[in-house]
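Residue numbers (the working numbering): 158 to 462. We put the CB at the ideal spot given by N, CA and C, even for glycine. Every value quoted in this text rests on a predicted model; they were computed, and no experiment measured them. So the structure is just underneath, and the comments pick up after that.
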């Protein structure tokens, strides 16, 4: 068994990546192959409810912390984020994973790590950031969303995910684009968030090539980014109407996720662009509603269920 308890240094890994890239799937793969280590997880969601935290394949002994309503890298949440990290220092935890919101812009990473070290000197060993990239949408998003580029610039490892959905020539183009944004980052190509890399032994450090460190507000963080809506219907929704709604709006959005109550029970919705997925869930009473991330030209009037 690993040595745990007060005084032991906790290894810390950050996971980032744009909306729908496969961060939670990748994190679940890490949790399943944890080499017998005791783990902790912090999950950040920009919206009101945290859908992804319900999808973690965790055991009952693992502490999971939710941070909602903003980005852990913005000035309005960074303080509570640091406090959340510090709360793990005296727990029997070997590794702490932090999954950021897909809208994260981690320019304040260095400041956060500095604050953690001031409050808990030598207790947390930052091993770097992994950025999960969706190969099927990266080239378009990297041209229009600053967060996509910045996430790569601050990462030590870039996981090009969903390569089964694109041609080999496009994968090469994506690799070159990633190298242009961050020449030092290690690139791994995969599907379904799988990786054989021993992440528990990843080198310490950050490969950021930006030479910048700042703390942005939520308004500044969202100035060039998708709008976030929370849609909560009144009462049950028929499955047919749910399908019709998703077919109408999914292609106009970046991401739709959440739980909706129908006459057939609760359905979990998971859409990335025009890729629509939904399934019955065994959850008896999940927090109902849909978190929707969409471009600025989509308004709440377009999202009526």
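Item, Value
"Residue interval of the alpha helix (DSSP H) (run including residue 180)", "180-189"
"Nearest residue (CA-CA) to residue 311, options 170, 391, 398", "170"
"Pick from 305, 455, 445, 326 that is closest to residue 339, judged by C-alpha positions", "305"
"Contact check, residue 230 vs residue 262, beta carbons under 8 Å", "yes"
"Counted within 10 angstroms of its Cβ, other Cβ atoms place residue 392 as buried (16 or more) or exposed", "exposed"
"Cβ neighbour criterion (16 or more within 10 Å) applied to residue 300", "exposed"
"Per DSSP, cross-strand counterpart(s) of residue 426", "415, 435"
"Between the CA atoms of residue 397 and residue 285 - distance to the nearest angstrom", "45 Å"
"Segment limits, alpha helix (DSSP H) that includes residue 268", "266-276"
"DSSP beta-bridge partners of residue 291", "318"
"Rounded straight-line distance, which links the Cα of residue 418 to that of residue 281", "42 Å"
"Same chain, Cβ closer than 6 Å to residue 343, neighbours up to 5 away in sequence not counted", "314"
"Assumed close pair residue 431, residue 407 - CB separation to whole angstroms, cut-off 8 Å", "6 Å"
"Through-space distance from residue 345 to residue 321, alpha-carbon basis", "14 Å"
"Residue of 400, 405, 410, 395 minimising C-alpha distance to residue 385", "410"
"Candidates 210, 167, 448, 331: closest to residue 185 by CA position", "210"
"Own chain, CB closer than 6 Å to residue 242, minus 5 neighbours either side, in chain order", "273"
"Integer-rounded CB distance, given that residue 436 should sit under 8 Å from residue 449", "Not really, about 18 Å apart at Cβ, beyond 8 Å."
"The ligand FMN heavy atom lying under 7 Å from the CB of residue 301", "Looking at this structure, you won't find the ligand FMN or any other ligand, since it has none at all."
"Cβ-Cβ separation, residue 254 to residue 335 (assumed contact under 8 Å), whole Å", "Contact flag wrong, Cβ pair sits at about 22 Å."
"Beta-carbon spacing of residue 251, residue 194 below 8 Å", "yes"
"Reference residue 333, options 434, 292, 287, 413, closest by Cα", "292"
"Backbone secondary structure at residue 261 - three-state DSSP", "coil"
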